[in-house]
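96 is the number of the first residue of the sequence shown in the working numbering; add one for each residue after it. Built from N, CA and C at the ideal position, the CB exists for glycine as well. These figures come from a predicted structure and were not determined experimentally.
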Amino acid sequence: MSRKLAFANQRACNLIAYYVPPHGSIQALVVMNCADVELSQFSSKNSPQMHIAVCQSSKVHLTQLTITAPWDSPNTDGVHVDRSQDVRVTRSTIGTGDDCVSIGPGSRFVTVDGIVCGPGHGVSVGSLGRKGATESVEYIDVKNVQFINTANGARIKTWQGGKGYAKSISFTDIKFTNVDH
Numbered sequence: 096m097s098r099k100l101a102f103a104n105q106r107a108c109n110l111i112a113y114y115v116p117p118h119g120s121i122q123a124l125v126v127m128n129c130a131d132v133e134l135s136q137f138s139s140k141n142s143p144q145m146h147i148a149v150c151q152s153s154k155v156h157l158t159q160l161t162i163t164a165p166w167d168s169p170n171t172d173g174v175h176v177d178r179s180q181d182v183r184v185t186r187s188t189i190g191t192g193d194d195c196v197s198i199g200p201g202s203r204f205v206t207v208d209g210i211v212c213g214p215g216h217g218v219s220v221g222s223l224g225r226k227g228a229t230e231s232v233e234y235i236d237v238k239n240v241q242f243i244n245t246a247n248g249a250r251i252k253t254w255q256g257g258k259g260y261a262k263s264i265s266f267t268d269i270k271f272t273n274v275d276h
């Protein structure tokens with residue numbers, strides 16, 4: 096299902112529920128080419144792949160989310176941000192089989208604040224530079240996050256041979272309980 100919606104009297108954007116991308120795995124909610132979006136008190140359970148993807152968008156605030164999937168479910172990122180700017184993910188509980196929040200290439204000015212993450216793979220910046228690509232992320236602020244029963248905490252993921260940069264990234268006031276790496 097795909098439909099056009101207008102947010103905050105700004106340009107129309109695509110809000111897609113149960114999107115099936117070319118590789119075939121369903122994503123529960125995709126915010127694509129949008130500006131000035133706030134999503135609050137949203138729940139997603141057992142999405143076959145990413146629960147929420149924010150792509151090529153700006154000024155997006157996701158708050159008070161509850162996202163769950165089994166710890167062993169692959170590729171079930173809670174929130175994935177890709178090629179977007181001015182994105183905030185706040186005051187949420189996210190437990191999946193993959194990253195609680197992943198911040199992909201081309202993203203800048205992303206804030207993750209007040210998240211309880213677990214189970215899952217933590218909060219990841221990247222992957223960057225796959226197949227030798229030149230990619231960047233910058234101005235990422237991850238703070239006030241509790242990692243509970245996760246494989247990783249906070250990390251930056253890159254591919255060997257990739258080019259580009261990851262700069263102005265901070266991880267502050269984070270707590271770990273039963274975290275492997």
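Item to check | Alpha-carbon spacing of G351 relative to A228, whole angstroms | outcome: Only positions 96 to 276 of the chain appear in this structure, which leaves residue 351 out of reach.
Checklist entry - Roughly how many angstroms lie between the CA atoms of K226 and I189, to the nearest whole one? => result For K226 and I189, the distance between alpha carbons rounds to 30 angstroms.
Practice problem: Can you grab the Cα-Cα spacing for the pair G256 / L223, in whole Å? | Solution: In this structure, the CA atom of G256 is about 10 angstroms from the CA atom of L223.
Nearest candidate by alpha-carbon position, reference G221, set G201, G215, V184, G209:
That would be G201, whose Cα lies nearest to the Cα of G221.
Margin query: Please state whether the Cβ-Cβ distance between G209 and T171 is less than 8 angstroms.
Written below: No Cβ-Cβ contact shorter than 8 angstroms links G209 with T171.
**Own chain partners of N109 with C-beta closer than 6 angstroms, once the 5 adjacent residues on each side are dropped** = Listed in chain order, the non-local C-beta contacts of N109 below 6 angstroms within the same chain comprise M127, N128, local neighbours out to five positions each way being set aside.
Cβ neighbour criterion (16 or more within 10 Å) applied to T272: Exposed is the call here.
Whose C-beta lies closer than 6 angstroms to the C-beta of Q241 among residues of the same chain, with five residues either side of it excluded? These residues qualify, in order along the chain: V211, K270.
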